[in-house]
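K.L.:
My questions will all concern the structure given below.
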């Protein structure tokens, strides 16, 4: 019985493999613990002794690195500096360096060497598991992956990390919930956006990509509409740089749309034609650094460009423009050139009309060197279907009449801006020759009369217009704001005739600054019982007679309205704006019903 009791008392639990291994090799866990505690005591004693010695000698602990450098031999110093230079050069080639530099653009600490040395110091920090002295209290502690950095660049112990975190939390203001600022609301209104609730998932994701554009390496296979939307957002933020341009360069794409090229250099434009051999659609705005050598390179690549739109490309000479038209003329279908104040003269336009025989769309806007010779040359383009002209120099009315007479029958879009000498004969010619127009713009003129507009729209065999712009068609004598006896420009009768002809189908209407349209005319056009089912955008800026009553009438007569522009309409004060409609201007622009 005694032996059985003794055996029962010797029963132990199961041994692990580690326990058996330590026992077989005469390794004691208690001994390991004692040795670890002894090393900690020795390290603490050594640290205290060094600190006391530094105090006695009048030196601070921060001078340790300096003393080490002094003790180095010249050969060791050269070797260390070479090693540091090689490490810094390697860091500058890394993606993390590019991301950090992009985030600090415009800040005081955006110097390349400063950023590289900062990253080098971060990499030289002690690894987790090693012992280190706290940067604040100098206490010895074990480094972990969560150890924070102190004010002097060292690491902090757990207690000091918590105290520093508490101070930072107190210093930071409380975060409020997500909200849309007034400035963002006004920006959206100017873009015609008056959306209630959250944005669509696609729009939210697109803006999130734009917010983190410096951390993105490539877009992948994004569809064309999202690439264009991203380009619009980045252009609006002035964030299209040589680096972000690379995200849009894909060899399989046939289009490039850059709406703000102001930060691109000449080599960046050449890079576009290098990496995108399948280009057929080129749209580059504010291309101030586009030069002759880029045009030469583009022509040498034999690209199949059919649609070309360039803005502010004033460093391209007339000789290069002629070479472009001679080389690409047979394949060009669309040509849009704007803000050309230094190049593109009449002779160049004549070369263009002789070479680009298949041109369907032509837009020349703010081209300073064009004159009557250009109008005579454009009249030879019998294939044109869409024509937009905005010339700076004054032209003779007979040349404009000849142009409309010869090509007006094929036109679907006609836009004439700034022809200040044109009179009612132009309106008569449009009435007689243009039978297929869906868009008509005739603005910035003070010669045509209201009766001329009445004759244009009465018994006009052209289908109802989809887009109409007759802005700034008024008498400009500020001493006589009511205008002459015979109304100049688009006035009451002409406006009524326009709505009788095109009111059933019109989508966009701009009558800004047509100040001779009376209150009674607006009241008649937007009377009860009248409906304009497709009208979505209306611009009535600088109509001082516009008030809350007339705006309410517009809302009732236009069930599809999305945007009303009413700048300088100071009587629009408390208009009740339906949800989803953007009212721009007035004293209170967004009071939702």
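Residue numbers (UniProt numbering): 1 to 593. Yeah, the Cβ is synthetic: ideal placement off N, Cα and C, and Gly gets one too.
Among the candidates 544, 457, 471 and 576, whose CA atom is the shortest distance from the CA of residue 538?
P.N.:
Stepping through the chain shown from its first residue, residue 538 is reached at position 538. Among 544, 457, 471 and 576, the Cα nearest to that of residue 538 belongs to 471.
K.L.:
Output the boundary residues of the beta strand (DSSP E) element that contains residue 86.
P.N.:
Your numbering for residue 86 matches position 86 in the chain shown. Not the beta strand (DSSP E): residue 86 falls in the alpha helix (DSSP H), residues 74-92.
K.L.:
Counting beta carbon pairs with one atom in the segment 477-494 and one in the segment 461-468, are three or more of them shorter than 8 Å?
P.N.:
Too few Cβ pairs lie closer than 8 Å, so no.
K.L.:
Would you mind sorting residue 114 into buried or exposed? The rule is 16 or more other CB atoms within 10 Å of its CB.
P.N.:
The sequence position of residue 114 within the chain shown is 114, counting from 1. It counts as exposed.
K.L.:
Out of 386, 356 and 434, point me to the one whose CA is closest to residue 404's CA.
P.N.:
Working through the chain shown from its first residue, we reach residue 404 at position 404. Closest by alpha carbon: 434.
K.L.:
Hey, could you find the ends of the beta strand (DSSP E) residue 585 is sitting in?
P.N.:
Your numbering for residue 585 matches position 585 in the chain shown. Counting along the chain, the beta strand (DSSP E) containing residue 585 begins and ends at 582-585.
K.L.:
If you reduce the DSSP assignment to three classes, tell me which class residue 507 lands in.
P.N.:
For this step, residue 507 is matched to residue 507 along the chain shown. Here residue 507 sits in coil by DSSP.
K.L.:
In the DSSP assignment, find the unbroken alpha helix (DSSP H) run with residue 455 in it and report its ends.
P.N.:
Taking the chain shown and counting its residues from 1, the one referred to as residue 455 is at position 455. Where residue 455 is concerned, the enclosing alpha helix (DSSP H) stretches over 450-457.
K.L.:
Suppose only complete runs of 4+ residues qualify. What are the alpha helix (DSSP H) ranges in the segment 141-171, listed by chain order?
P.N.:
158-171
K.L.:
If I'm right that residue 543 touches residue 569 with Cβ under 8 Å, what's the distance once you round it to whole angstroms?
P.N.:
For the purposes of this step, residue 543 is taken as residue 543 along the chain shown, with counting starting at 1. For the purposes of this step, residue 569 is taken as residue 569 along the chain shown, with counting starting at 1. Confirmed, about 6 Å.
K.L.:
Leaving out five residues on either side along the sequence, give the residues of the same chain with a beta carbon under 7 Å from the beta carbon of residue 353.
P.N.:
Taking the chain shown and counting its residues from 1, one reaches residue 353 at position 353. Hits under 7 Å: 377, 378, 380 and 381.
K.L.:
For residue 245 versus residue 219, is the C-beta spacing smaller than 8 Å?
P.N.:
In the chain shown, the residue the question calls residue 245 occupies position 245. In the chain shown, the residue the question calls residue 219 occupies position 219. Taking 8 Å as the Cβ cut-off, residue 245 and residue 219 do not qualify as a contacting pair.
K.L.:
Per DSSP, what kind of secondary structure is residue 383 in: helix, strand or coil?
P.N.:
Mapped onto the chain shown, residue 383 falls at position 383. Of the three classes helix, strand and coil, the one that applies to residue 383 here is coil, per DSSP.
K.L.:
Roughly how many whole angstroms lie between the Cα atoms of residue 223 and residue 241?
P.N.:
Here the question's residue 223 lines up with position 223 in the chain shown. Here the question's residue 241 lines up with position 241 in the chain shown. Those two C-alpha atoms are separated by around 21 Å.
K.L.:
Starting from the C-beta of residue 119, find all residues in its chain whose C-beta is less than 6 Å away, skip the five residues before and the five after it, and write them out in chain order.
P.N.:
For the purposes of this step, residue 119 is taken as the residue at position 119 of the chain shown. Here the set comprises 91.
K.L.:
Taking only the alpha-carbon atoms, compute the straight-line gap between residue 134 and residue 45 and give it to the nearest angstrom.
P.N.:
In the chain shown, counting from the first residue as 1, residue 134 sits at position 134. In the chain shown, counting from the first residue as 1, residue 45 sits at position 45. Cα to Cα, the separation comes out at about 16 Å.
K.L.:
Can you look up residue 329 in the DSSP assignment and give me helix, strand or coil?
P.N.:
Reading the chain shown from its first residue, position 329 is the one you call residue 329. Residue state, collapsed to three classes: coil.
K.L.:
Going by CA-CA distance only, name the one from 458, 485, 483 and 511 that's closest to residue 500.
P.N.:
Translated into the one-based positions of the chain shown, residue 500 becomes position 500. Among 458, 485, 483 and 511, the Cα nearest to that of residue 500 belongs to 458.
K.L.:
Quick check: the Cα distance between residue 86 and residue 301, rounded to an integer number of angstroms?
P.N.:
For the purposes of this step, residue 86 is identified with residue 86 of the chain shown, where counting begins at 1. For the purposes of this step, residue 301 is identified with residue 301 of the chain shown, where counting begins at 1. Taking the straight line joining both Cα atoms gives about 40 Å.
K.L.:
Is it right to say residue 502 is buried, meaning 16 or more other beta carbons lie within 10 angstroms of its own, or is it exposed?
P.N.:
Numbered from 1 along the chain shown, position 502 holds the residue referred to as residue 502. It is buried - the Cβ of residue 502 has at least 16 other Cβ atoms within 10 Å.
K.L.:
State the Cα-Cα distance for the pair residue 315 and residue 392, rounded to the nearest angstrom.
P.N.:
In the chain shown, counting from the first residue as 1, residue 315 sits at position 315. In the chain shown, counting from the first residue as 1, residue 392 sits at position 392. Using only the alpha carbons, I get a separation of about 19 Å.
K.L.:
Return the first residue and the last residue of the beta strand (DSSP E) that residue 294 is part of.
P.N.:
Here residue 294 refers to the residue found at position 294 when the chain shown is read from its first residue. Here residue 294 belongs to no beta strand (DSSP E); instead the alpha helix (DSSP H) covers 292-300.
K.L.:
Report the CB separation of residue 396 from residue 416 in whole angstroms; it is logged as a contact under 8 Å.
P.N.:
Looking up residue 396 in the chain shown gives position 396. Looking up residue 416 in the chain shown gives position 416. That pair is no contact at about 14 Å.
K.L.:
Straight-line CA distance for residue 289 to residue 394?
P.N.:
Against the chain shown, residue 289 aligns to sequence position 289. Against the chain shown, residue 394 aligns to sequence position 394. Cα-Cα distance, rounded: 29 Å.
K.L.:
Taking the runs of the alpha helix (DSSP H) that are 4 residues or longer, which of them lie wholly in the segment 394-436?
P.N.:
Taking 4 residues as the shortest admissible run, the segment 394-436 contains the following complete alpha helix (DSSP H) segments, listed from N- to C-terminal end: 397-407 and 424-433.
K.L.:
Alpha carbons only, please: which of 261, 484 and 136 is nearest the one belonging to residue 152?
P.N.:
Reading the chain shown from its first residue, position 152 is the one you call residue 152. It is 136.
K.L.:
Which complete alpha helix (DSSP H) runs does the segment 193-263 hold, if anything under 4 residues is left out?
P.N.:
201-211, 224-236 and 242-245
K.L.:
Taking 7 Å as the limit between beta carbons, can you name the residues of its chain near residue 116, skipping five residues before and five after?
P.N.:
In the chain shown, counting from the first residue as 1, residue 116 sits at position 116. Contacts found: 88, 91, 92 and 97.
K.L.:
Considering Cα atoms alone, identify which of 498, 530, 239 and 409 is closest to residue 450.
P.N.:
Residue mapping note: residue 450 aligns to position 450 of the chain shown, counting from 1. Cα-wise, what sits closest to residue 450 is 498.
K.L.:
To which residues of the same chain is residue 67 closer than 6 Å at the C-beta, ignoring the five residues directly before and after it?
P.N.:
In the chain shown, counting from the first residue as 1, residue 67 sits at position 67. A caution first: residue 67 carries a pLDDT of 41, below 50, which makes its placement in the model too unreliable to give a value.
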